[in-house]
Amino acid sequence: MATAPTPRLFFDASCGPCTLWARLTAGLSPLGVEVHALDGPEADHALRFMLPELRYRYFHIVESGRTWTGPDALPVWVGLLGGKRARTVAEKIPPVNRFLRLTYNRFWEYRQTRGCAAEGTRPG
6 MATAPTPRLF FDASCGPCTL WARLTAGLSP LGVEVHALDG PEADHALRFM LPELRYRYFH
66 IVESGRTWTG PDALPVWVGL LGGKRARTVA EKIPPVNRFL RLTYNRFWEY RQTRGCAAEG
126 TRPG
């Protein structure tokens with residue numbers, strides 16, 4: 006029986022908080038996960054079908070040939086940390102799913118307006 010490939014998480018390596026979350030995910034996941042920068046060769050291959058503005062706007066998880074992006078990836082991310090039952094709760098219980106999305110969107114808005122993705126904080 007063939008085993009499923011290891012899930013891969015793609016993140017903005019130039020973002021401190023994104024890097025922290027990616028490293029924590031890799032370190033705490035009992036299932037195992039590979040983490041890769043959005044601008045790396047692994048991402049060039051796995052995310053080649055995405056438009057650059059989508060690819061670099063969110064984090065992505067690729068698992069068993071399927072790609073989840075941004076807030077849609079959060080139940081998968083929860084599953085990477087907490088297992089199948091935690092993922093099911095995050096997917097199927099509306100208040101949990103809404104809370105995850107709200108939290109992600111707040112982080113994303115902060116990152117866009119005041120964080121590393123804000124216009125004034127970009128190098129160059």
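For the sequence shown, my numbering assigns the number 6 to the initial residue and increments by one for each residue that follows.
Each residue gets a CB set at the ideal place from its N, CA and C atoms; glycine is no exception.
From a predicted model like this one, the values you see are computed outputs, not experimental measurements.
Requested in this report: Measure the C-alpha to C-alpha separation of P128 and S19 and round it to an integer number of angstroms.
Outcome: Against the sequence shown, residue 128 aligns to sequence position 123. Against the sequence shown, residue 19 aligns to sequence position 14. With a pLDDT of 38 at P128, under the threshold of 50, the modelled position of this residue cannot be trusted, and the question is left open.
**Report entry** D134 versus T30 - alpha carbon distance
**Finding:** Past the boundaries of the shown model lies residue 134; the chain is included only from 6 to 129, so the question cannot be answered.
Query raised in the report: What first and last residue would you give for the alpha helix (DSSP H) that runs through R106?
Result: Counting from one through the sequence shown, the residue named residue 106 turns up at place 101. From DSSP, the alpha helix (DSSP H) with R106 extends over P99 to T118.
Query raised in the report: Counting along the chain, where does the alpha helix (DSSP H) carrying R53 start and finish?
Result: What you label residue 53 is simply residue 48 of the sequence shown in a count that begins at 1. It is not in any alpha helix (DSSP H) - R53 carries neither H nor E in the DSSP assignment.
Query - Bridge-paired residues (DSSP) for W73 - result: By one-based count along the sequence shown, residue 73 stands at place 68. Bridge partners of W73: I66.
Query - H50 classed as buried or exposed, judged by whether at least 16 other C-beta atoms fall within 10 angstroms - result: The count along the sequence shown starts at 1 and reaches residue 50 at position 45. Taking a 10 Å sphere around the C-beta of H50, we find fewer than 16 other C-beta atoms and assign the residue as exposed.
Report task. Indicate the three-state DSSP secondary structure (helix, strand or coil) for V38 in the structure shown. Result -> For the purposes of this step, residue 38 is identified with residue 33 of the sequence shown, where counting begins at 1. Look at V38 here: in three-state DSSP terms it is coil, with no helix or strand label.
Query raised in the report: Can you tell me whether DSSP reads L14 as helix, strand or coil?
Result: Counting from 1 along the sequence shown, the entry for residue 14 is found at position 9. L14 falls in the strand class under three-state DSSP.
Query raised in the report: Just checking my contact of I66 with L14 at CB under 8 Å: how many whole Å lie between their CB atoms?
Result: Counting from 1 along the sequence shown, the entry for residue 66 is found at position 61. Counting from 1 along the sequence shown, the entry for residue 14 is found at position 9. Yes, they are in contact, since the Cβ atoms of I66 and L14 sit about 5 Å apart, within 8 Å.
Query raised in the report: Contact check, A91 vs V83 under 8 Å by CB: the rounded distance?
Result: Reading the sequence shown from its first residue, position 86 is the one you call residue 91. Reading the sequence shown from its first residue, position 78 is the one you call residue 83. Indeed they touch by this definition, with Cβ atoms about 5 Å apart.
Query raised in the report: Sorted by chain position, which residues of the same chain lie with C-beta nearer than 8 Å to R28's C-beta, five sequence neighbours on each side aside?
Result: Sequence index remark: in the sequence shown, residue 28 carries index 23 (1-based). The answer, listed in chain order, is V40.
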